[in-house]
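Here the working numbering = 1-based position in the sequence shown + 1. Step one of this worksheet: look at the structure below.
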Amino acid sequence: MRIVIFGDGPWAAATAARLADDEHEIVGVVPRTTPTSPALQQWALEWGAPVLRFASCNEPASVAMVRALGAELGVSVAYDQILRAPARAATTHGVVNLHAGMLPRYRGRNVINWAIINGETEIGVTAHWVDDGIDSGDIIAQRALPIALDDDYGAVLARVVATIPGMAAEVVSAIARGTAPRVPQDESRATYFGGRREGDEWIDWSLTGREIHDLIRGISRPGPGARTTLDGREVTIWRAAWDPAWPRYTAIPGQVVGRRPDGASVVKTGDGTLLVREVQLEGAGERAGAPRWRIGTRLGPSLAAELRALRRRVAELEGAVDREAYHASR
């Protein structure tokens, strides 16, 4: 089939490469408005496929450029725009999307992160027809991948990336044969997730150990990492461990209550403890490693200290206003 790829990153590039290996003709690629990786564009350059860059894929001029490619099918992998009906009609068979979620659950953005944060034991990869909604089109195929308790974002992401190209190849072959199904999604089971934003990475130590553990592994590398503070300095926590059998302590959440010989620290949470294995202090040149925190160390903001600092700042501003008023009156 003659295919145009809409997408971004290594998984879109790997999908294009797999389809080309299966002797489908990649007639063009359309990267995201703001690509997160040059992988797809680099593959297109090496393969000789034209790269079409659109501020909007739904503008008449953009639709005309895609139609001119003579593509029979569009394949979307991590694309960031909704392809409206005219854009989908620019290819003979419309557009198929590969989504890292078990639709109709986990529609939307950052769903791999959200699935781990929510403590899911599996994540789905879904191929579906694109319609005017967000991840709401008829399902062609689905595959479930396991998420172990110690899997982090990088591990699950690699699993999904490895799965998508082969699944895309199977789906495209079924479409070419005319055997691809259209299974409507159950809207009563649909859930949407929004993109994660700056500030979402901060740890609330009063949450349960499991919740904090899932947050840490859910946004670990290549994500931003979970954050806390230590004596006013920002700390990124990259790795931790949690076990429901560990004993509970009466202590302040965020307080270090134990140390291991390798330097890992046992930190009090809302309902138990968490073993913090790898951290990184803010600052140029700081390396990640075991925390080696002393017993009694407290993580997270001190509300009393912040209140004192706020009062000092208010007093300084009031003094500056009084001085300005005094000089203005003379």
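Every residue, glycine too, gets a C-beta built ideally from N, C-alpha and C. Since the structure is predicted, the reported quantities are computational estimates derived from the model, not experimental observations.
Which word fits residue 48, buried or exposed, when buried means at least 16 other C-beta atoms lie within 10 angstroms of its C-beta? In the sequence shown, counting from the first residue as 1, residue 48 sits at position 47. Answer is exposed; the Cβ neighbour count stays below 16.
Do residue 127 and residue 104 count as a contact pair if the criterion is CB distance below 7 Å?
The residue given as residue 104 occupies position 103 in the sequence shown. The residue given as residue 127 occupies position 126 in the sequence shown. Cβ atoms of residue 104 and residue 127: closer than 7 Å.
* Within the same chain, show all residues whose beta-carbon is closer than 6 Å to that of residue 258, passing over the 5 residues directly before and after it, in chain order. => Along the sequence shown, read from residue 1 onward, the residue named residue 258 stands at position 257. Excluding sequence neighbours, residue 258 sits near 250, 252, 267, 269.
Q) What is the DSSP secondary structure of residue 207, counted as helix, strand or coil? A) The count along the sequence shown starts at 1 and reaches residue 207 at position 206. Of the three classes helix, strand and coil, the one that applies to residue 207 here is coil, per DSSP.
Discussion item. Below 8 Å on the Cβ atoms is my contact criterion, and I expect residue 264 with residue 291 to pass it. Report the Cβ-Cβ distance as a whole number of Å.
Written reply: Along the sequence shown, read from residue 1 onward, the residue named residue 264 stands at position 263. Along the sequence shown, read from residue 1 onward, the residue named residue 291 stands at position 290. Confirmed, about 3 Å.
Taking the alpha helix (DSSP H) that residue 234 belongs to, which residues open and close that run? Position 233 of the sequence shown, counting from 1, holds the residue named residue 234. Per DSSP, residue 234 belongs to no alpha helix (DSSP H); it is in the beta strand (DSSP E), 234–242.
TODO: Measure the C-alpha to C-alpha separation of residue 58 and residue 319 and round it to an integer number of angstroms.
DONE: The residue given as residue 58 occupies position 57 in the sequence shown. The residue given as residue 319 occupies position 318 in the sequence shown. Near 53 Å, if we compare the C-alpha coordinates of residue 319 and residue 58.
Throw me the rounded Cβ distance for the residue 2 and residue 74 pair, which I believe falls under 8 Å. To locate residue 2, count along the sequence shown from 1; it is residue 1. To locate residue 74, count along the sequence shown from 1; it is residue 73. Indeed they touch by this definition, with Cβ atoms about 5 Å apart.
Every unbroken alpha helix (DSSP H) within the segment 39–123, with a cutoff of 4 residues, ordered by chain: 40–48, 61–69, 86–89, 112–118
Report the three-state DSSP secondary structure of residue 325 (helix, strand or coil). Position 324 of the sequence shown, counted from the start, is the residue given in the question as residue 325. In the structure shown, residue 325 sits in a helix (DSSP, three-state: H, G or I).
- request: Kindly provide the ranges of any alpha helix (DSSP H) runs that are 4 or more residues long and lie completely inside the segment 133–182, ordered along the chain.
  value: 154–178
- Return the first residue and the last residue of the alpha helix (DSSP H) that residue 10 is part of. Within the sequence shown, numbered from 1, the residue matching residue 10 stands at position 9. That run of the alpha helix (DSSP H) goes 10–22.
Practice problem: Put residue 299 into one of helix, strand or coil per three-state DSSP. | Solution: The sequence position of residue 299 within the sequence shown is 298, counting from 1. Strand.
Taking contact to mean 3 or more Cβ pairs, one atom from each stretch, closer than 8 Å, check whether the segment 56–72 and the segment 106–125 are in contact. no
Task: Own chain, CB closer than 8 Å to residue 26, minus 5 neighbours either side, in chain order - done: Counted from its first residue, the sequence shown places residue 26 at position 25. Answer for residue 26: 2, 3, 4, listed in chain order.
According to DSSP, what are the bridge partners of residue 290? Counting from one through the sequence shown, the residue named residue 290 turns up at place 289. DSSP output for residue 290 lists 280 as bridge partner(s).
Let me know the secondary structure DSSP gives residue 220 once reduced to three states. The residue given as residue 220 occupies position 219 in the sequence shown. Reduced to three states, the DSSP call for residue 220 is coil.
- Query: In its own chain, which residues sit with a C-beta less than 7 Å from the C-beta of residue 182, not counting the 5 before and 5 after it?
  - Reply: Here residue 182 refers to the residue found at position 181 of the sequence shown. The residues are 141.
- Proximity of residue 138 and residue 132 at Cβ, strictly below 7 Å: As a working note, residue 138 is residue 137 in the sequence shown. As a working note, residue 132 is residue 131 in the sequence shown. Taking 7 Å as the Cβ cut-off, residue 138 and residue 132 qualify as a contacting pair.
For this session: Assuming residue 118 contacts residue 216 (C-beta within less than 8 Å), just tell me the rounded distance between them.
Result: The count along the sequence shown starts at 1 and reaches residue 118 at position 117. The count along the sequence shown starts at 1 and reaches residue 216 at position 215. With 8 Å as the limit, residue 118 and residue 216 qualify as a contact, their Cβ atoms being about 6 Å apart.
Practice problem: Helix, strand or coil for residue 316, going by three-state DSSP, please let me know. | Solution: Taking the first residue of the sequence shown as position 1, residue 316 is located at position 315. Three-state DSSP puts residue 316 in a helix.
Residue 214 beta carbon less than 7 Å from that of residue 241: Numbered from its first residue, the sequence shown carries residue 241 at position 240. Numbered from its first residue, the sequence shown carries residue 214 at position 213. Yes, the pair counts as a contact, with Cβ atoms nearer than the cut-off.
### Query
Going by other Cβ atoms of all chains shown within 10 Å of its Cβ, with 16 needed for buried, is residue 22 buried or exposed?
The residue labelled residue 22 in the question sits at position 21 within the sequence shown. When all chains shown are included, residue 22 counts as exposed.
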